[in-house]
Structures are given as C-alpha cells and as structure tokens.
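>
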Amino acid sequence: MSVAAESQTSAPSSEDRFNRLVAILTMSVAVLVAVVAYLQTDAAIRSDRYSSEALQFAMQASGARAVGATKLGYGFYTSQVQDELSKLAISAEASGDADAARRYYTVQSDLARLSPLLSTYQGDEARYESDLYVVESTASSERFAEALRGNDDWEEKSRAHFLHLALLAVALVLFGLSSTISGAARRVFLVTGCTIAGVTLVSAVMTAVRPITRLPDAAIDAYATGVGLAHQSKTREAVAAFTQALSLAPEYSNARYERANALLDSRDYSAAAADYERLRASGRDDANVASQLGWAYYLLGRFDEAIQVDHRVLELNPDPPTRVGARFNLALAELAAGQIDQAKLDYSQTMTLATQAVAQGEAARDLPYSFWEYLDASASDLDNLLDRLAGKSADWIEAPPRAAIANPTQVRSVATDLVFELKSLYFTLERTGQPPRGRVAAKIAPIQFASDEGDDEDDWEILEVFPSDTTSVVMLFTYEALQPSQSVMYRIYRDGQEDTSLRRPITGLGTRGEAEVTIPLVFDQPGEYMVEVYVEYQLVQRGRFTVEDD
Amino acid sequence: MSAAPGATSARFETITAVLIAVTAVLGAVAAWRAADSAASAGNASIAGLAATLTLEEVRALANAEHYQSFQAYTTYRRHRALANAVDRDLSRAPTQRTAAMQIQERQRDEERAMAEVARAFFDVRFLSPDDEYDKERDLGATMAETGRDKQLNSVEKIGESERFRSKVQAFVGALVVLSVSGLLYTVAQGLTQGFRFVLVLLATLFLLGGTGFLAVTEWLA
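So the protein lines, in turn, are chains H and D. The first sequence: position 408 = 395 (the numbering used here), numbered continuously. Here the numbering used here runs 12 ahead of the position in the second sequence, where the first position is 1.
(1) In angstroms with no decimal places, state the Cα-to-Cα distance between Gly60(D) and Leu317(H).
(2) Consider the Cβ of Ala(-9)(H): report whether some Cβ of chain D lies at a distance smaller than 9 Å.
(3) What three-state label does DSSP hand Val452(H) in the structure shown?
(4) So Val460(H) and Ala429(H) are supposed to be a Cβ contact under 8 Å. How far apart are they, rounded?
(5) First and last residue of the alpha helix (DSSP H) that includes Ala215(D)?
(6) Indicate whether Lys179(D) and Ala63(D) have their beta-carbon atoms separated by less than 9 Å.
(7) Tell me, to the nearest whole angstrom, how far the beta carbon of Ala206(H) is from that of Ala236(H); I am working on the premise that it is less than 8 Å.
(8) Taking only the alpha-carbon atoms, compute the straight-line gap between Thr20(D) and Val192(D) and give it to the nearest angstrom.
(9) Give the secondary structure of Leu469(H) by DSSP, where H, G and I count as helix, E and B as strand, and everything else as coil.
(10) Assuming Arg375(H) and Pro387(H) are in contact, meaning their beta carbons sit under 8 Å apart, how far apart are those beta carbons, in whole angstroms?
(11) Which class does Arg254(H) belong to by DSSP, given the choice of helix, strand or coil?
(12) Can you list, in chain order, the residues of its chain with a C-beta nearer than 7 Å to that of Arg201(H)? Leave out the 5 residues immediately preceding and following it.
(13) Less than 9 Å between the beta carbons of His78(D) and Asp150(D), yes or no?
(14) Please report the straight-line C-alpha distance between Tyr197(D) and Arg271(H), rounded to a whole angstrom.
(15) Taking just the CA atoms, how far does Arg243(H) sit from Ser106(H)?
(16) From the DSSP output, which residues share a beta bridge with Val538(H)?
(17) Express the C-alpha separation of Val534(H) and Ser96(H) in angstroms, rounding to a whole number.
(18) Could you tell me whether the segment 419 to 428 of chain H touches the segment 339 to 356 of chain H, where touching means 3 or more Cβ pairs closer than 8 Å?
(19) Using C-beta distances below 6 Å, list every residue in its chain close to Phe225(D), excluding the 5 sequence neighbours before and after it, in chain order.
(20) DSSP state of Val20(H), grouped into three classes?
(21) Report the residues of the segment 91 to 114 of chain D with a CB closer than 8 Å to any CB of chain H, ordered along the chain.
(22) For chain D, check one thing: does any of its Cβ atoms lie closer than 9 Å to the Cβ of Leu98(H)?
(23) Which residues, taken in chain order from the segment 38 to 53 of chain H, show a beta carbon closer than 8 Å to some beta carbon of chain D?
(24) Could you work out which residues of chain H lie near Ser57(D), taking near to mean beta carbons separated by less than 8 Å?
(25) Please name the residue in Ala97(D), Thr87(D), Val34(D) and Met113(D) whose C-alpha comes closest to that of Glu128(D).
(26) Note down, in chain order, each residue of its chain lying with its Cβ closer than 6 Å to the Cβ of Arg389(H), except the 5 sequence neighbours on either side.
(27) Please report the distance separating the alpha-carbon of Thr187(H) from that of Asp35(H).
(28) From the DSSP output, in three-state form, read off Leu463(H) for me.
(29) Nearest-angstrom Cα distance between Ala153(H) and Arg175(D)?
(30) Report yes if the CB atom of Gly39(D) is closer than 9 Å to the CB atom of Gly206(D), and no otherwise.
(31) On the three-pair Cβ rule with 8 Å, is the segment 70 to 77 of chain H touching the segment 38 to 54 of chain H?
(32) My parser needs the alpha helix (DSSP H) runs of 4 or more residues fully inside the segment 255 to 329 of chain H; what are they?
(33) Please name the residue, chosen from Ser169(H), Ala366(H) and Leu26(H), that lies closest to Asn6(H) on a Cα-to-Cα basis.
(34) By how many angstroms is the C-alpha of Gln397(H) removed from the C-alpha of Phe464(H)?
(35) Cβ of Tyr61(H) less than 9 Å from any chain D Cβ?
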C-alpha cells in the first residue's frame, strides 16, 4: 500500500476528534447566543414599547385633567352668573318690579344655553366632571400604571437574558481555552463550559416562557366607569362596574379597593370589610386600606379588630393628615369599646399632635386641606356616636350599632365633652393657628329658633320644625360674661355637614343680655340643622332645628 | 485520473472555512444594522413622546385661552341682553318720561357700558351679526396658533419607532439564521462521510436565506 493511500485511510486522531467536538460545541453555543440575543432584543423592545406607552398615557391623563378643569371652571363661572341673576330677579320681585324680574329670568335662560353644565347636565357638577375628564383620565392613569408594570416585567426578562449572554460568553471562552491546552485540564474546561451552557439554556427557556399578564382593556374601562359613577355618588352602579372589572381580572387590586370604598359608602360594611381583608391578604398592606378596614370594623361594632388595625395604620407611618385621622379613629374605637381612660389619653395626645402639625404646616405653607377635614370629622364622628346612643337613625349618621357600644352612659358623657373640646380646637386652630388659651368665661343658655314673621319678640313663633320654604330663621338666646372685644360667630351644619358659606359673625352684643340673630338659609334645602355659637372660636352652645322636605 | 481523496478533503475544509468566515462577516453586519436600527427606534420614540407632550400642552393652553375668551363673551352677552331687554321695555312704555323710566334708562346705559368693557376681552372676529359666538372656530384658531411650528404628530413618529423596532427584530432573526448556517458548516467540517455534503447544502440554504432576509430588511422594510 502506498503512503498516500495509507494516509487517506487512517482514522482521525483523538486530537482531531477533540478539536472537532470543541468546534461543534462552540458553534452550538454560538447559535444559542444568537437565539438568546434575539430573546433579549425582543424583551428590550417590548420593555421600551411599554415605557413609551406609559409616558404617553401619563401625558394624556394630565392633559385630560387640565382641559377638563378649564371647562369645569367655565361651568362654575356660569353657575355663579346664574345665581347672581336669580338673586337680582328675586330682589326685583320683592320690590314689586315684575318687569325687571322678567328681564333677569330671560337673560338667565339665554345664558344657560352657553354652558353644558347648566343646559345638558342640569347643574349636575359631579356628572359633568365625570364625563369631562374623570373617566378618561382614570382610564389613562390605569393604562399608564399597567404599561409601567409591563415595562418592569419585560425589562426584568431582558436583564435576565443579558446574564444568559454573559454566561454563554464564559462557556465560549472555556471551549476556546480547552482547545489550546492539553491534558486532563482541557476536559475539565470542556465539561465546565458544557455545564454552564446547559444550565444557561434551561434558565433562558424558563425566562422566555414565564408568562407576563396584562390587565384586559375591558377591565380598565369598567374600572374607570366605576370611578366616574362613584364620583357621582352612584355607589350601587359603581359597585356593579367594579365587580365587572374584577370578573375580568380577579387580581385587579385597584378595582377591589374602590369597590370596597363604594360598598362602605353604600353602608354595606360587611362586604366592604371582606374586600379590604382580601386586599391585605393579597399583600396590599398600605395605610389607606388599613384605615378604611379599621373604619369598617368600627361601624360594624367590631371594636377590638378596629383598634388592632388602627395600630397597624400608625405602624405604617402615614402622612400627617392620615396619621391624625388614624389616631382619632383609634381613640373613637377605644371610646366605643368602653376603654374610656385610654380613649381620653389618645384624644388628648392627638389634639396636641394636631396643634403641632398646624404650627409646622402653616409656617411652611404646606398644610393640606384634607388635614382640616380629618380634624373636623373627628368631632362629627363623636356627634354621630351621640346620635346613635340617643336612638337616632338618620341616613347621614355613620355610627356602630347601639347594642355594640360598651358603657353607653359614660361614653355619652365623655363624648359630649370631647365634642366641645375638639370643635373648639378645630375652629381656634383654623382661625388663629394657635390652640385655645384656657376656657372662655362667657355662657350662653340653650338656643331657641323662631320664625321671623314679625319685627319684635312678641311675634316670635318658637319652632323646632320649619316649613320647606323657610329662607331664614331667628336664633334666640340669653348670654352673660361676654367681653366686648371677644369675637362671636356661628357655624351651621345641615345633615352633619357644615355649610361654610353660612358662617357669620354675631355683632352688637354687650356683656350680657338677650340676642336675636337672623340666620339666612339656602333656599330649598330641607334637613336637620345644627347651629353652633363660638366665643373666641370656642364652642359655647349649640341648638338644632329641622326644615321639612317639600 | 481523479484527485486524491486527501486533496479533496483539504479543499472541502478550506471551502467550508471560507463559508464560515463569510457567515461570520454577514452576522457582524446583521448585528451592526440591528444596533443602528435600535438607536433610530429610540430617537423616533423620543420624538414621538415629545410630540405627545407638546400636543397635550397645546390642548391645555388653547382651552385655557379659549375659555378665558368665552367667559368674557358670556359677561358681554349677559350685559348686552339685559341692556336690550330694558331697551325693549322702554320702547313699549308711554311717551311721558317718568322717574322710573329714567332709572331704567340709566340701567340700560350702564349695562351697555359693561358690555363694551367685556367686549374688549375676547376676539370679536368670532362674533356673528346676531351676537352668537363661534366656539369651534375660536378653539380651532387658538389650537392652530398655539401649535404653530410645533411637532404635534406623535402618531407618525411612534409609527416610525415601531418600524425601526421591527427592523431590529428582523436583523437579529437574520443573525439567528446565519448562526445556524455557521453551525452546520462547522459540523460538516467534522464529518468525513458523504453526509457532510448534505449538511453543507443545508448550511448554504440557511446562509442564502439569512442573507436574503438581511437584504430585504435593509432595503425594503
């Protein structure tokens, strides 16, 4: 046999076989690199797309709110104009100038056509606002949040694939090194490279097939519709819309939270508590959820649970208004549970905290409006508790069942004192930025209300219930120990809510005597009224009357 | 006489090595084009977002300006309507001038004066002869003026960004196809039987496919 033939037929050496194996493995990993690079690119593109979408939705949401607020501002302006023309017409009628009244009413009808709020929406501000921008901006905001989540999820995949590429590069280096050295070491490099490549392949596959879920558009639309309905206080329809959103996306936590709020507003406290509990169980343990759950427990008469959850709210270190509100809720639950001493201590400490918050907030000009709402609500909640203890059952009273309240007699006494203290604190802080300095000496006897049919006291008809067309009542009271320099004001509540436009000073009082104060009311607003009289912004006396419904 | 088997094998290995090198070069081209397209996609995306932001800003500003004018028009209309109503009543009144009529005349004149004041605060070009205000024209003109020389068409830029993103995916896809080609050439190099020619053929098909995909993406997409 010739040498050429001999060389042709001899089998490849083990060295050749090893090198060819390394070459094949290298190319295989190169293919894997290309595939993983494709997956990484795809994930990065999707992440980038979601990021871009998120920004677009954020801009659309803020744009919708800005345009909507502008249109609403015009609507408020036309409402003001309408009210002015009404007043002028009524004044003209009272003066016997029917022609002038007619002219004012004619212009009023003419101008109403210019304003969608007045013409299409019949003055329904909440519905107008909802249609203008609430629903649209809510949907955009939700889509923004959803796109942000998508961006995060795909970015996480992209980063994982980057790691895979790095590991595959290491495997390639090991393969390359294995072909340059001899001995057992090169097998070690080869095996190590194969192991790294194998593990990376498995990891890459698991990353690629990991599902990324998105909220269905229909669920977001249903949620936005629910928010619009809740904005109009159409709580039952809102609950239905949120339920529809949850049927499409059972883990949609925003929809569950808003449904719970709507259920709370519609007095279905058990269902609301169930939703809040489910939210906390799913990991949404924030101050808002906990605070609402604590309130639901309180209204259900489950005071121990309310106290426990209110403590949790404070542990979560919420912002100052929420902190003050939570502390008052805690103290209220303790009071209703019969923990009188602890409740009084907590009320006292919270009032001190509120005073400090006002001092700091007013100095920095960053005290949010909601702080005052929480402070005022703390007194209203005590009033509601007192009403419940008195056996009242009006629609606007939010209080736990009477049977659940421990030690009613003591609770009533403590709550009455606390109401006066809280309202005095609120009003003094609001007007002066400082807490009350001691108790005022002025005394006011129980207030009576009369119809002002005549000009002097002989014509006063003392009433507790006034007819539906009442536009003013006369407040009668005797007073003593009043200082001439002290300010005297009254505040008016209707069905538990203050109408701040009716706040007025009372002037012309001496140090002692009898007062007759005419209180103008807003026409055609029946309900239960409470008038509170303040001396130096401290609550001294209050009285109630009712205006009948038509 | 046919070529020696050894020489054929050496020539085969040389050719496949060259083809692997060609595959590697084309792969590098695909990677370069993908990176370039990704950069273009990013730029177009930013331009699209900037256009969206500009559009929302224009809408907000235009609406604010429009309703400012419309509010002034409402005030004008209120005073003018009252002045006209008083004027109509005066025209129907008896000829003898009473004190009440004098008061009404003063009220009419005051309302006319207030109407003139308000008239100075909106654009009378949008006022029709019967004192109606063309809201749509005003808002349209205000939007157009506020949006002048501004890029408002985000859809076009976002569409452009999407096209570049698709190109990136296509280029990387071509890279995957070319890498398979490279793998098949390498495997073919390691074989000595006739099956290697099948692998080379397959690899060449992948190479041509990848190249074609690359070319189509570059020039036609």
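We treat Cβ as the ideally placed atom computed from N, Cα and C, and that holds for glycine. Since this is a predicted model, take the numbers as computed values, not measurements.
To lay it out plainly:
(1) 51 Å
(2) Any reading at Ala(-9)(H) must be qualified, since the residue scores a pLDDT of 43, below 50, and its modelled position is unreliable; no value is offered.
(3) strand
(4) Their Cβ separation, rounded to whole angstroms, is 22 Å, which puts Val460(H) and Ala429(H) out of contact at 8 Å.
(5) Phe207 to Trp231
(6) no
(7) So it is a contact: roughly 4 Å between Cβ atoms.
(8) 25 Å
(9) coil
(10) 7 Å
(11) coil
(12) Glu133 and Gly137
(13) yes
(14) 56 Å
(15) 35 Å
(16) The structure shown does not extend to residue 538(H), since chain H is modelled only from -12 to 537, so the question has no answer here.
(17) 29 Å
(18) yes
(19) Ala186
(20) The answer is helix: DSSP assigns Val20(H) an H, G or I state.
(21) Ala93, Leu94, Ala97, Val98 and Asp101
(22) yes
(23) Result list: Ser39, Leu42, Gln43, Met46, Gln47, Ser49, Gly50 and Ala53.
(24) Asp35 and Ser39
(25) Thr87(D)
(26) Closer than 6 Å at Cβ, skipping near neighbours: Arg375.
(27) 25 Å
(28) strand
(29) 29 Å
(30) no
(31) no
(32) Qualifying alpha helix (DSSP H) stretches, in chain order: 256 to 268, 274 to 287, 290 to 302 and 307 to 323.
(33) Out of Ser169(H), Ala366(H) and Leu26(H), Ser169(H) has the C-alpha closest to the C-alpha of Asn6(H).
(34) 29 Å
(35) yes
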